[in-house]
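Structure record follows, encoded as structure tokens.
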Amino acid sequence: MKLDVSRADLTVGVIGTGAMGRGIAQVTAAGGMRVLMTDARPGAAAEAKDFIGKMLDRAAEKGSISKDEATAATARITIVDSHKDMKPCHVVIEAIVENLDAKRALFTELEDIVTPECILVSNTSSMSVTTIGAKLKTPQRFAGFHFFNPVPLMKLVEVISGLLTEEWVCDALMALGRRMTREPVRLTDAPGFLVNQVGRGFSLEGSHLVYEGVSTFADVDRVMRDVGGFRMGPFELMELTGLDVTQPASSLIYNQFFQEPRYRPSLIMQSRFEAGVLGRKSKKGFYEYDKDMKAIFAPEAPAPAARPESVWVSPVEAVGSAKLIELLSKLGTSVETGAKPSAKALILVTPIGEDATTAATSQGLDPKRTIAVDTLFPMVKRRTIMPTPITDPAYRDAAHGLLASDGVPVTVCRDSPGFIAQRIIAMIVNIGCSIAQSRTASAADIDKAVTLGLNYPNGPFKFGDVLGVQNIHRILENMNKIYADPRYRPNIWLTRRAKLGVSLLTPEP
Ligand code: NAI
632 MKLDVSRADL
642 TVGVIGTGAM
652 GRGIAQVTAA
662 GGMRVLMTDA
672 RPGAAAEAKD
682 FIGKMLDRAA
692 EKGSISKDEA
702 TAATARITIV
712 DSHKDMKPCH
722 VVIEAIVENL
732 DAKRALFTEL
742 EDIVTPECIL
752 VSNTSSMSVT
762 TIGAKLKTPQ
772 RFAGFHFFNP
782 VPLMKLVEVI
792 SGLLTEEWVC
802 DALMALGRRM
812 TREPVRLTDA
822 PGFLVNQVGR
832 GFSLEGSHLV
842 YEGVSTFADV
852 DRVMRDVGGF
862 RMGPFELMEL
872 TGLDVTQPAS
882 SLIYNQFFQE
892 PRYRPSLIMQ
902 SRFEAGVLGR
912 KSKKGFYEYD
922 KDMKAIFAPE
932 APAPAARPES
942 VWVSPVEAVG
952 SAKLIELLSK
962 LGTSVETGAK
972 PSAKALILVT
982 PIGEDATTAA
992 TSQGLDPKRT
1002 IAVDTLFPMV
1012 KRRTIMPTPI
1022 TDPAYRDAAH
1032 GLLASDGVPV
1042 TVCRDSPGFI
1052 AQRIIAMIVN
1062 IGCSIAQSRT
1072 ASAADIDKAV
1082 TLGLNYPNGP
1092 FKFGDVLGVQ
1102 NIHRILENMN
1112 KIYADPRYRP
1122 NIWLTRRAKL
1132 GVSLLTPEP
């Protein structure tokens, strides 16, 4: 069977006209297709059509479409009484409540209403496509079509084949997505699909390291913005989405993966979720809010005035130490040239995936004078340093004062393998690699989906190229060794590419 999605009379049903359904209806109508739209709540579909009309009119005022196109698109939307009126549809998109029984009941009824050629899809964000479709008489024409909120602004749509979905269905959905002016990405069914799986690396690793006492919510957010290049840190993002969404999704993905440690949820998120401290929507989350609902960021403490008497940089990490020596010379500090630090020197180490304690003890350095500096990222907008648990505070302050002496802020975190940014980004890459390994999607599509769907500065594989595949692998290996926690074991797909010294984007024949 084939569906010609370019046909002029293509008719798409949208069931459920809440936040998602109305957005899907809007891009479908704007793409020149007829829409039949319904909602179980009386009046909801009419409200949605009114909303869509206003959105399209606003787009016309801004000049992104013409007034005539806006009027014609709105006119292509017809409100129908119920799903029983979906017979003329070539595709029916379900965007109702996220409840398995409700979705299954709807599709079971729809099967007897629509023609045998009609494609049935769910916009579910968290349920297995295979599971929803399993009870259907014709699961082969059922697939996932996962849009992102707000639909008209978020170009990505994940086209998900369940175990029994036939190829032609996803071919048609890819073409349909393009006709809706979306950027479709094709994948096979997996917990969290693609984007929501990768997103766990960001939110969960951020939460785990705060739980461990490594840093604060605000500092993690600052580091991920200024050092990692993200638009928002993990806690700022969770504030916007709400822990009522992020926490259940995290637990679900973890359990759907049979408690895979890589996706282990965080107690920080769970307790806040249970206490109703959800984020912006509860006016209190990781941050407090002022009366205009602006997050209150406590200002950073000024950098100490202290400076070290002399500085010695460990040569063990050749690249990192060269970067640090170059920076110190720009700051007007000359570095000791001896093979060992002098008696009173501040000792700087530049570990990849090691904590300051491991770096100091393994190199036979005095841990009371040792400070680790994260040199893996550009040290232009912010620098991250960490003492060992017994570093003399005078040495910590001297390192902080020196590295902030050109006005660039410095974040001091507690001892942690991988500081803050190294470990969060390594987890994102590791998850990306496990998605590629399971052939859920191609490496190129994973990067495309993550940059479009999550607005990250790079997808997991580009991060590998930018930071070095072997560096990412070392971060994970060291974390795995230091924590003795399988959560951090490097994925074998990543390990092989690190051993071979090739880009993570290298196509496999
Ligand atoms: P929503 O609560 O804004 O809208 C759901 C609509 O479906 C409501 O208008 C409700 O009256 C209607 N409805 C409920 N049961 C129905 C039934 N049996 N028949 C017809 N209409 C019914 O929810 P939202 O956020 O639009 O989510 C809809 C679906 O999209 C869910 O499966 C959700 O997981 C998924 N999704 C949500 C995203 C989001 O960011 N909100 C992102 C991607 C997917």
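Numbering-wise, the sequence shown is residues 632 to 1140 according to our numbering. Cβ coordinates follow ideal geometry from the N, Cα and C atoms, glycine included.
Whose CA, out of the options, lies closest to the CA of residue i?
i: Pro719; options: Leu751, Leu898, Arg893; result: Leu751
i: Thr1022; options: Ala691, Leu977, Ser792, Leu804; result: Leu977
i: Pro770; options: Gln887, Pro747, Ser757; result: Pro747
i: Val788; options: Leu795, Thr796, Ala774; result: Ala774
i: Lys1012; options: Gly860, Ala704, Asn754, Ala660; result: Gly860
i: Val944; options: Tyr918, Ser965, Glu931; result: Ser965
i: Lys715; options: Asp670, Ala677, Lys685; result: Asp670
i: Val1097; options: Asp1116, Ser1065, Ile1123, Val1060; result: Val1060
i: Leu874; options: Ile1123, Leu835, Leu959, Ser1036; result: Leu835
i: His777; options: Leu767, Tyr842, Gly654; result: Gly654
i: Tyr1026; options: Met1017, Arg1000, Asp1005, Ile1051; result: Arg1000
i: Arg772; options: Met758, Ser757, Gly793; result: Gly793
i: Ser756; options: Pro892, Ala929, Ala650; result: Ala650
Mind checking whether residue i and residue j have CB atoms under 9 Å apart?
i: Met1058; j: Tyr1119; result: yes
i: Val800; j: His721; result: no
i: Thr989; j: Gly951; result: no
i: Asn1109; j: Glu985; result: yes
i: Ser838; j: Pro865; result: yes
i: Asp598; j: Pro1088; result: Since the displayed the chain opens at 632 and closes at 1140, residue 598 lies outside it and no answer follows.
i: Ile727; j: Gly652; result: yes
i: Pro1138; j: Ala1129; result: no
i: Pro815; j: Val790; result: yes
i: Met1143; j: Arg809; result: Limits of the chain in this structure are 632 at one end and 1140 at the other, which puts residue 1143 out of reach.
i: Gly830; j: Gly1063; result: no
i: Val643; j: Leu825; result: no
i: Val745; j: Met717; result: yes
i: Arg911; j: Glu940; result: no
i: Ala1052; j: Asp1005; result: yes
i: Thr812; j: Val658; result: yes
i: Asp820; j: Thr761; result: yes
i: Val1100; j: Phe1008; result: no
i: Leu979; j: Asp1037; result: no
i: Ala934; j: Ala1035; result: yes
i: Ser881; j: Tyr894; result: yes
Whole angstroms is fine: what's the gap from residue i's alpha carbon to residue j's?
i: Arg735; j: Ile763; result: 6 Å
i: Val1041; j: Ala1074; result: 34 Å
i: Ala690; j: Val782; result: 14 Å
i: Ser973; j: Gly995; result: 14 Å
i: Ile956; j: Pro946; result: 10 Å
i: Asp921; j: Arg856; result: 22 Å
i: Leu818; j: Phe779; result: 16 Å
i: Leu1135; j: Ala679; result: 43 Å
i: Leu1125; j: Ala706; result: 51 Å
i: Phe917; j: Ala926; result: 9 Å
i: Glu905; j: Leu898; result: 10 Å
i: Arg1105; j: Ile1123; result: 13 Å
i: Asn1111; j: Arg862; result: 29 Å
i: Gly969; j: Lys954; result: 18 Å
i: Ala1029; j: Glu725; result: 60 Å
i: Ala661; j: Leu737; result: 26 Å
i: Ile1077; j: Ala1067; result: 8 Å
i: Ala1003; j: Ile646; result: 55 Å
i: Ala677; j: Ala704; result: 15 Å
i: Met1010; j: Val1039; result: 8 Å
i: Leu1107; j: Arg1054; result: 8 Å
i: Met900; j: Leu840; result: 12 Å
Going by DSSP, what residue range makes up the alpha helix (DSSP H) through residue i?
i: Met651; result: 650–661
i: Gly775; result: It is not in any alpha helix (DSSP H) - Gly775 instead sits in the beta strand (DSSP E) that spans 773–778.
i: Thr762; result: 760–764
i: Ser960; result: 949–961
i: Val841; result: 826–842
i: Ala991; result: 987–993
What residue does the beta strand (DSSP E) around residue i start on, and which one ends it?
i: Val816; result: 814–819
i: Ser792; result: 787–792
i: Gly910; result: Careful: Gly910 lies outside any beta strand (DSSP E) and carries neither H nor E.
i: Arg1014; result: 1014–1018
i: Thr1022; result: Careful: Thr1022 lies outside any beta strand (DSSP E) and carries neither H nor E.
i: Thr669; result: 665–669
i: Glu725; result: 722–725
i: Ile1051; result: Premise fails: Ile1051 is in no beta strand (DSSP E) and is neither H nor E.
i: Ile708; result: 708–710
i: Ala1142; result: With the chain running from 632 to 1140 in the structure shown, residue 1142 is simply not present.
I'd like to know if residue i contacts chain B, where contact means its C-beta is closer than 9 Å to some C-beta of that chain.
i: Leu979; result: Note that chain B does not occur in the displayed structure, where there is just one protein chain.
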